[in-house]
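In this note's numbering, the protein residues as written are 253 to 916.
Read through the structure below, which is laid out as structure tokens, and then see the notes.
Next comes the structure, spelled out in structure tokens:
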């Protein structure tokens, strides 16, 4: 797939509408998808069409809504492209083979790039970590300013959230970092776009988690957590605005694991928003005022749906909530934001799944991402004040619409009667009967799959496979009780939730139970290994990408990464994996002699989440047991498959392995 070039950008106003309620005919993109023909009119797309990184990695809109910037990829180099909305004439800055994780406008002429590097620093337990670096780039001159690069006692990295603020008419950004002297205090700074040295806004301590900062740059509140005392505290700034900070403790919780989350500013701009993870208010959002008064639940989530707080792009105040089912929905109580959200479907057309991806200070100017049965993902600019909509770029321009096959939401019963929700993707141009199947469990495991376009699923389907993506117990998005059903069930019910889905599809006649493979990454990689060792006679082969193989050694790795301390992260993994005495029985590397099908291991050398040692252990154990195994490593690849060329080769290797052991 080629990177976005100027020719990929539409240089005219595609749609002019009289108002937000007027519908757009998207025939210029494609007609409404017809039923799939029995014979494709176009050749099967190459693997690169699916596995190359999307045309747009990151995208942002300037505060005045006049400029857009995006990150795309050319080879393994990241390209920063920018253009004026008025003419869409692009300029490009080659940023090299860096790993860009985020992008936003610092002001109307500068963008802020967050990129990461994989390295070890002695003050951070000495292990390799993925550290973030923040820098501003002047779009017209390409001049780069690295934040924290000139601060004494600090590494040139940034921790936590980066936020744009406006102080006395000047745009600045805030960021935090540990002072490497005097006890590793976490400090909050603000930076201008052109100076590497910043202004200290507040100095916390080693227990400080982060701050809520008002749009004018004033620190409103911060939280801290002590692993030793297992106590979470909230501090509020009671000092006179614009003159001094005076933080007072207003709220505390004694909790070993499920501590509150400090989210952002409340609706009045004076309170802050907490998400409570334990007790009688578990799973609820609340505002808390400066005197410590906890308000009523704002969005209880009693329906078990995943959700998140939404904040106004200009005032920074709580404006509503998003709800996460198969796709996203928006429930704003801010009148203007509510009107904008309500106009999305009429503007884009009912067949589109739509998400808002960035705003100007006037939120009527925004970036929209859309998918449909004939569209693998397209970015638009919309101005709801004028009715203008511009098509900016296609995410997967080399996939013909007839090769885009839709996911279908499914629901089946696990062996113990638990409802399991998931998705089934069918291969195009094939009869829906006795199909070969690939089970594709998600990572996390406290995560979930959705109905959105998924390059890996689509690539597998294009090669003739049905693809099953179960949201097994322990997945997020179905309420805390569903997550907790996964505790201690690695290799047990979390695993049989997958094979129960296989049996359900076989009973429908949809798939051939003798032609089933399993492929997954991260936790999904563990599930692939567990399927091949702990769940007998289900799969013909297994592909594990960056998968966990030895649970005891993995918990030791997490502990070492926490400097040997019993942190919340350590306690979380122990809670999810289960009793330490039982880990050997559900560790594929310890059960390698039970492997009953060929296994392909794939791992990147720069993986800081699941170390490559996990795949090395599995390979060694399988070879010792005389079991068939292949092991492929990619130098410099991380846990998120950031290096595009490696991702393509990885998918080709996986497809070759599937074709050999579970042909379509």
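The beta-carbon is built from N, C-alpha and C at its ideal position, and this holds for glycine as well.
It should be emphasised that the depicted structure is a prediction, and the values quoted were computed from it without experimental measurement.
Asked                                                                                                              : Found
8 Å Cβ cutoff met for residue 701 and residue 686                                                                  : no
Extent of the continuous alpha helix (DSSP H) to which residue 812 belongs                                         : 803 to 813
DSSP state of residue 278 mapped onto helix, strand, coil                                                          : Confidence at residue 278 is low in this model, with a pLDDT of 35, below 50, so the placement of that residue should be treated as unreliable; the coordinate-derived value is given next. In the structure shown, residue 278 sits in a helix (DSSP, three-state: H, G or I).
Beta-carbon separation (whole angstroms), residue 873 vs residue 837, contact threshold 8 Å                        : The Cβ separation is near 14 Å, so there is no contact.
Which of helix, strand or coil DSSP assigns to residue 840                                                         : helix
Opposing strand residues paired with residue 417 [DSSP bridges]                                                    : 424
Boundaries (first-last residue) of the beta strand (DSSP E) holding residue 355                                    : 351 to 357
Every unbroken beta strand (DSSP E) within the region 584 to 625, with a cutoff of 3 residues, ordered by chain    : 605 to 611 and 617 to 624
In chain order, each alpha helix (DSSP H) run of at least 4 residues that lies wholly inside the region 678 to 761 : 707 to 714, 732 to 736 and 745 to 760
CB-CB length for residue 783 against residue 747, believed under 8 Å                                               : 7 Å
6 Å Cβ shell around residue 605 - same chain, five flanking residues per side excluded                             : 579 and 623
Limits of the alpha helix (DSSP H) - the one that residue 572 falls within                                         : It is not in any alpha helix (DSSP H) - residue 572 instead sits in the beta strand (DSSP E) that spans 570 to 576.
Spatial distance of residue 800 from residue 863 (CA atoms)                                                        : 8 Å
Host alpha helix (DSSP H) of residue 891 (start-end)                                                               : Premise fails: residue 891 is in no alpha helix (DSSP H) and is neither H nor E.
contact_flag[the region 522 to 540, the region 842 to 852] where n(CB pairs < 8 Å) is 3 or more                    : no
Buried versus exposed, by CB contacts within 10 Å (16 or more), residue 516                                        : buried
Length at least 3, wholly inside the region 634 to 668: the beta strand (DSSP E) runs in chain order               : 640 to 646 and 659 to 665
Reference residue 492; option with closest CA among 475, 807 and 522                                               : 522
Helix, strand or coil at residue 485 according to DSSP, with G and I counted as helix                              : strand
Proximal residues to residue 414 (C-beta, below 8 Å), its chain only, five neighbours per side dropped             : 354, 356, 364, 366, 386, 425, 426 and 427
Of the listed residues 885, 875, 905 and 656, nearest to residue 295 (C-alpha basis)                               : 656
Exposure label - residue 628; buried when at least 16 CB within 10 Å                                               : buried
Length of the line joining the Cα atoms of residue 769 and residue 398                                             : 47 Å
Chain D contact for residue 692 (CB, 8 Å cutoff)                                                                   : You won't find chain D in this structure, because it holds only one protein chain.
Own chain residues within Cβ distance below 8 Å of residue 204, not counting five before or after                  : Examination of residue 204 is not possible in this model, given that the chain is present from 253 through 916 alone.
Reduced DSSP secondary structure (H/G/I, E/B, other) of residue 331                                                : strand
Neighbourhood of residue 321 by C-beta, 6 Å cutoff - its chain only, sequence neighbours within 5 removed          : 312, 334 and 363
Residue 885 vs residue 860 beta-carbon contact at 8 Å                                                              : no
Closest residue to residue 394 among 692, 725 and 343 (Cα-Cα distance)                                             : 343
Sequence-distant residues of its chain with Cβ nearer than 8 Å to residue 381 (five each side left out)            : 370, 371, 372, 373, 813 and 860
Close beta carbons around residue 691, own chain, < 6 Å, minus the five adjacent residues each side                : 720, 750 and 770
Contact check, residue 867 vs residue 855, beta carbons under 8 Å                                                  : yes
Euclidean distance between Cα positions of residue 730 and residue 737                                             : 11 Å
Residue range of the alpha helix (DSSP H) that includes residue 775                                                : 775 to 785
Sub-8 Å separation of residue 581 and residue 560 beta-carbons                                                     : no
Coil, strand or helix - residue 289 by DSSP                                                                        : For residue 289, the predicted structure reports a pLDDT of 47, less than 50, and the residue's modelled location is therefore unreliable. A value from the coordinates is still provided. Residue state, collapsed to three classes: coil.
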